[in-house]
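*Asks:* For the sequence shown, full-length UniProt numbering begins at 1 and goes up steadily by one.
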Amino acid sequence: METEDSDSEQASTADDQEENGSGDDIKKEEEQEEKIKKTPRKKRRFRLTDSIAKSKRRAERRAQLAAERKEREESKQQQEDEVNDEVKEHSLTPPPLPKASTVLTYSPMQLFCDSLLRKMKAKDPDEYFAFPVTQQEPMDFATIRQKIDRDDYPDITTFKKDAELIVHNAMDYNSPGTVYYIAAQKMDLIVQFYFSEPYLRYLFHTLPFSKEIPLEKLGLTLKTKARPLPKADYKTAVVDDATPSTVLEAVDPSLKQKLSSRIPDLRIFP
1 METEDSDSEQ ASTADDQEEN GSGDDIKKEE EQEEKIKKTP RKKRRFRLTD SIAKSKRRAE
61 RRAQLAAERK EREESKQQQE DEVNDEVKEH SLTPPPLPKA STVLTYSPMQ LFCDSLLRKM
121 KAKDPDEYFA FPVTQQEPMD FATIRQKIDR DDYPDITTFK KDAELIVHNA MDYNSPGTVY
181 YIAAQKMDLI VQFYFSEPYL RYLFHTLPFS KEIPLEKLGL TLKTKARPLP KADYKTAVVD
241 DATPSTVLEA VDPSLKQKLS SRIPDLRIFP
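1) Could you give the residue range of the alpha helix (DSSP H) that holds ASP172?
2) Within the continuous alpha helix (DSSP H) that includes ARG150, where are the two ends?
3) Output the boundary residues of the alpha helix (DSSP H) element that contains PHE204.
4) In the DSSP assignment, find the unbroken alpha helix (DSSP H) run with THR246 in it and report its ends.
5) Could you name the residues of the same chain whose beta carbon sits closer than 7 Å to that of ILE148, not counting the 5 residues immediately before and after it, in chain order?
6) Start and end of the alpha helix (DSSP H) containing ARG118?
7) What distance in whole Å lies between the Cβ atoms of LEU220 and SER210, which are believed to be in contact at a cut-off of 8 Å?
8) Applying the criterion that 16 or more other CB atoms from any shown protein chain within 10 Å of the CB defines a buried residue, is VAL179 buried or exposed?
9) For the alpha helix (DSSP H) containing LYS223, list its first residue and its last residue.
10) Under 8 Å between the Cβ atoms of ASP162 and MET139?
11) Is LYS119 near PHE141, with beta carbons less than 8 Å apart?
12) Assuming LYS225 and ASP155 make a contact with CB atoms under 8 Å, what is their CB distance in whole Å?
13) Pick helix, strand or coil for LEU229, following the three-state DSSP scheme.
14) Quick test of your reading: TYR181 and THR134, contact by CB under 8 Å. State the CB separation rounded to the nearest angstrom.
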C-alpha cells in the first residue's frame, strides 16, 4: 500500500511540473507576440530612379576612366621614348662648342671711371642716389653704370658732369634740412675731392692701367721740373792782340832799351 501511495504522489508531482512548464511556455509566446506588435514595421523604400539607367551610367563612367588611364599611360610611354631618343642622339652627336663669354672687356678709360664710381657708391651706404629724383634730367649711379658699360665717357669731364648732376638734382628737389639734402651736400664735397687734380693724379700713378690713358682725357698735364742751368766756373779768356810796337810804347822807358821789337830766332842757339 505504501508503494502505491508513493507512486501516485510522484505521478501527481510530474503532472504538476508539466502543467507549470507548459504555462511558462505560453507566457513566453504571449510576450513575444506583444513585442512583435509593439515594434513598428519598417517601411519598404522604392527607388525613384531607374536602376537600369544608373547601371548604364556607371558602366559608361568606368569605360571613360579606363580610356583616360590608357591615354595617360600611352602619353607617359611616349615621353619616355622621346627622352630615350634624345639621350641616344646626344650620345651619338659630338658635344656642342662652348659659348662665347658674355663678360665685357673694358677699356682703360672705362676701368678708371668704374673705380671712381665704386668709390662714390661706397660713400652712399643708404643708397640715396641709387635712383633718379626727377624725370627731366634723370641721373643716378645705375645710369652712370650703364653709360660706363656703353663707353659713353670719352673723358673725365663728361663723367664729372653726370656726378655733379646727381648732386644738383638732389639739392634742387629736396628742401634744406632734410636727410636727402644733407646727403647731397656731403656727396658734393666727395665729388669735388675725387675729381680734383691731385686725386686724379694720385689715381693715375696708382692704378696700373692708367698708364694707357692719355693725360688730356683725365684733364692733367705732364709736370716737368725745370732744371737750373749750372753756373759756368770758367774764367773769361784774355785776348792777346797786342803787337810788339804797342808793347814797346806801353812799357817803362827804363826797360825800353832792353827790349827788342824783333822776335829772336831761336834756331841759332844751340
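Glycine residues also receive a C-beta, built at the ideal position from the N, C-alpha and C atoms.
*Replies:* Concretely, from the data shown:
1) Here the alpha helix (DSSP H) through ASP172 covers 156-172.
2) Run containing ARG150: none; DSSP gives neither H nor E here.
3) 197-206
4) 244-250
5) GLN110, CYS113, ASP114 and LEU117
6) 108-122
7) Incorrect: roughly 10 Å between the Cβ atoms, too far for contact.
8) exposed
9) No alpha helix (DSSP H) contains LYS223, which DSSP labels as neither H nor E.
10) yes
11) Contact: no.
12) Not confirmed; about 26 Å, so no contact.
13) coil
14) No, TYR181 and THR134 are not in contact; Cβ-Cβ is about 15 Å, not under 8 Å.
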